Amino acid sequence: MSEYPIPQGLAPGVIARRHATWRSYLLGFVAALVLTIASFAAASTNIVYGPSVPLLLGVLAIAQMGIHLIFFLHISSAPDQTNNVLALAFGVFVVGLTVFGSMIIMANLSHMMPTIGRLLEMQR
Amino acid sequence: MSAAELTADGGHEMPLSEQGPAPKQVVVGYGFWLFLLSDIVIFSALFAAYAVLSDATANGPAGVRLFDRQRVFVETVCLLASSVTCGLGSLAVQNRNVTNAYIWLIATLALGASFLKLELSEFGSMMAIGAGPSRSAFLSAFYTLVGTHGLHVTAGMAWLIVMLTQLRTLGFQPMVRRRLFCFGLFWHALDIVWIGVFTIVYLGAH
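These protein sequences, in sequence, are chains A and B.
Residue 71 in the numbering used here sits at position 71 of the first sequence, with consecutive numbering throughout.
Residue 33 in the numbering used here sits at position 33 of the second sequence, with consecutive numbering throughout.
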């Protein structure tokens with residue numbers, strides 16, 4: 001492990017500690033596999049109360065993305081990772097804005113849209 | 001590449017303003033990281049389109065009737081395993097272990113190919129029952145989102161073949177190692193996008 005923090009920061013995916021790295025991939029693999037199996041089980045069986053399945057799937061997906069970021073892409077909260085984390089935070093912000101923004105706007109439009117019957121009524 | 005190598009040029013005592021540009025590895029890695037994040041933003045637009053159009057089946061087949069969860073699970077495991085072999089491959093490259101690098105990178109290629117084969121057979125069987133991209137807005141959005149991910153995997157495999165050739169002809173040059181490093185980031189990012197795909201498209205189908 002480096003004695004000094006690198007002033008310019010580390011590239012994403014660079015492992016600061018040389019030892020125990022294959023273990024990180026193996027650990028990540030096992031954790032991701034468990035979360036994947038949990039997702040498929042939650043969606044395909046009746047173990048979980050039906051209406052709560054989508055929420056659970058979301059939580060499991062976000063957890064698995066976190067596992068991938070930490071164990072495969074080696075993103076951490078170390079000071080030499082600040083640049084990568086800030087870029088990631090901006091990426092997540094834009095993704096959230098696009099996905100949730102679109103869904104809210106489209107759901108709103110669909111709510112405001114009159115049905116065919118209502119449209120015909122308005123034409124009279 | 002380890003942190004110790006990156007700091008081998010010394011200069012820790014110098015103030016930051018006098019240290020000059022960051023090592024090439026950091027510049028290349030960070031630039032590629034920004035590219036990957038913008039690639040994920042492209043996917044977010046496709047995800048938003050899919051989320052909005054997923055009910056617009058135009059009296060055609062809905063997702064829950066079309067998707068085979070078992071196949072998707074095998075696809076997911078293939079891609080996850082290829083992510084791990086890719087990581088072990090980049091460790092081998094870092095340790096300059098030629099044999100291990102070839103073994104893990106070729107395993108990555110094989111797992112990526114089996115993922116792609118499963119996806120293409122899925123598309124083929126869907127189109128065979130008339131559920132092609134022109135059937136409904138839902139299916140257009142589905143083929144665009146999943147197909148874009150598949151195209152990325154295809155591009156990644158082509159890149160990996162080029163890198164295997166370069167490893168053979170050029171060896172572990174810094175240039176080749178940097179490219180393999182970027183390939184690893186790309187492959188892991190594709191796996192992260194796939195988590196979104198299988199959760200929202202396949203498991204969220206109703």
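For every residue, glycine included, the Cβ atom is placed at its ideal position computed from N, Cα and C.
These numbers were taken from a predicted model, which means no experiment stands behind them.
If you draw a straight line from the Cα of B:A128 to the Cα of B:T144, it comes to about 18 Å. If you draw a 10 Å sphere on the C-beta of A:P79, you find fewer than 16 other C-beta atoms in it, and that means exposed. Taken through DSSP and simplified to helix, strand or coil, B:A51 comes out as helix. If the five residues before and after B:F47 are omitted, its C-beta is found closer than 8 Å to the C-beta atoms of L145, G196 and I200, all from its own chain and listed in chain order. At a Cβ-Cβ threshold of 8 Å, B:R178 and B:V26 do not count as neighbours. DSSP places B:N95 in no alpha helix (DSSP H); its state is neither H nor E. Collapsing the DSSP output to three states places B:P61 in coil. The Cβ atoms of A:V30 and A:A42 lie no closer than 8 Å to each other.
Here A:N46 is exposed: its Cβ has fewer than 16 other Cβ atoms, across all protein chains shown, within 10 Å. No Cβ-Cβ contact shorter than 8 Å links B:F32 with B:L139. For the pair B:V153 and B:Q166, the CB atoms are not nearer than the 8 Å cut-off. Between the stretch 78-86 of chain B and the stretch 103-112 of chain B there are three or more inter-stretch CB-CB distances shorter than 8 Å, so the stretches are counted as touching. Around the CB of A:E121, fewer than 16 other CB atoms lie within 10 Å, so the residue is classed as exposed.
For B:D191, the chain A residues whose C-beta falls within less than 9 Å of its own C-beta are A32, H68 and F72, listed in chain order. The residue from B:F115, B:R69 and B:L91 with its alpha-carbon nearest to that of B:A81 is B:F115. Close partners of A:M112 in chain B (Cβ separation under 7 Å) are lacking, with about 15 Å as the shortest Cβ gap.
For B:V146, the uninterrupted alpha helix (DSSP H) segment begins and ends at A137 to L170.
Taking 8 Å as the cut-off, the Cβ atoms of A:I70 and A:S76 count as close.
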